Amino acid sequence: MIDELILPANLDRDEVLAETVARLCAPTACESACHHISRDQPMPSLDALAEVMDLLRAVLFPGFFGPSDVSGRTMSFYTGSALDRVVKLLAEQINRGYCFVCAKDNRQPCTDCESRSEAVALEFVKRLPRVRELLSSDVLAAYDGDPAAKSPGETIFCYPSIKALTNHRIAHQLHHLGVDIIPRIIGEMAHSDTGIDIHPGAHIGPRFFIDHGTGTVIGETCIIGQNVRLYQGVTLGAKSFPKEDSSSRLVKGLARHPIVEDDVTIYAGATILGRVTIGQGAVIGGNVWVTGDVAPGARIVQARAAEQFFISGGGI
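Structural data, given as structure tokens:
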């Protein structure tokens, strides 16, 4: 039973609002929660970045996204128009990302942010053919690896893995071009929609497939080879977080996540922590906890399940 809420009598609306505003706007209250706009630049726009992703998805998978009637005759026109819009929107958002970090780190005002942002946006666009190659390999991996998939197009249109990987492969390119905050926003868009959390810094090779996907976590310094398959609930995370000697702050940028070599399969709920290597062709069973290196070709399963399997007369 919930106790009845007892409210003070005769609350004055103006007094309550004035007191609350004063407390929320006090300098000490704003130290960690308020963003101080630098040089009149607003925060990155989620709406603009959502439009960028819609345009890029239509460019990378024409006919599946964007105009459904795009054809060989109209594709060049549509692609050129879409990419022109992408460069304009993305350059502005990249610039806002630079200013966001400048304000955070109290850097000196820069004089070339706008021109640098457009140059980065154009360099990113140059990399889109490679992004499509990687995504095409992911699409085939999903189709080949899932008996429920009736066509590669079904995986493009329906599978959360392909949506998450589209965002990731775009965000990864921006991350390696030195873009601030925008890659994280793009990654979190897919995380919110699919439940698949991939840091933009993670290196992922071709033919990567996450079956089902919900609850999958892939950390910043992960390196994943080709033809790797994960199932839902897999964590490729860090085992510990060392701190700086002189403070309680975490040391940034250390290689702290797993290396997964080619042709590895990791089943649902497995947790792999630390800078460990999962050797080529290894299989990690469901709900296994791994904090050490795994030899190539090894089969790691829960001890009790393995014991019962052998007792019943089977073998691995």
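Here the numbering used here is used: the first residue of the sequence shown is 936, the next is one more, and so on. Backbone N, C-alpha and C fix where the C-beta goes; we use that ideal spot for every residue, glycine too. It should be emphasised that the depicted structure is a prediction, and the values quoted were computed from it without experimental measurement.
- Taking all protein chains shown into account, ASN945 has fewer than 16 neighbouring C-beta atoms within 10 Å of its C-beta and is therefore exposed.
- Within the DSSP secondary-structure output, THR1170 pairs in a beta bridge with VAL1152 and THR1206.
- Taken in chain order, the whole alpha helix (DSSP H) runs of length 4 or more contained in the segment 1079 to 1151 are 1087 to 1093, 1095 to 1111 and 1117 to 1129.
- VAL1223 is positioned such that its CB atom lies closer than 9 Å to that of THR1206.
- Inter-segment contact for the segment 1143 to 1151 and the segment 1161 to 1170 is present: three or more beta-carbon pairs are separated by less than 8 Å.
- A straight-line Cα-Cα distance of about 46 Å links GLY1204 and PHE1012.
- Taking the Cβ atoms as the reference, VAL1199 lies roughly 5 Å from ILE1213, within the contact range of under 8 Å.
- Taking 9 Å as the cut-off, the beta carbon of GLN1028 is found closer than this to the beta carbon of SER980.
- With a threshold of 16 other beta carbon atoms within 10 Å, LYS1061 falls short and is exposed.
- With fewer than three CB-CB distances shorter than 8 Å, the segment 987 to 1006 does not count as touching the segment 1135 to 1150.
- For SER1050, the uninterrupted alpha helix (DSSP H) run begins and ends at 1048 to 1061, by DSSP.
- Counting of Cβ neighbours within 10 angstroms places ALA1238 among the exposed residues, the total staying below 16.
- Look at ARG1234 here: in three-state DSSP terms it is strand.
- VAL1229 and ALA1173 have their C-alpha atoms spaced approximately 16 Å apart.
- Less than 9 Å divides the Cβ of ILE1201 from the Cβ of ILE1219.
- DSSP, read as helix, strand or coil, puts VAL951 in helix.
- Here TYR1094 is not near ALA1106, since their CB atoms are 9 Å or more apart.
- Scanning its chain for C-beta atoms nearer than 8 Å, with the 5 sequence neighbours on each side dropped, one finds around MET1010 the residues PRO997, in chain order.
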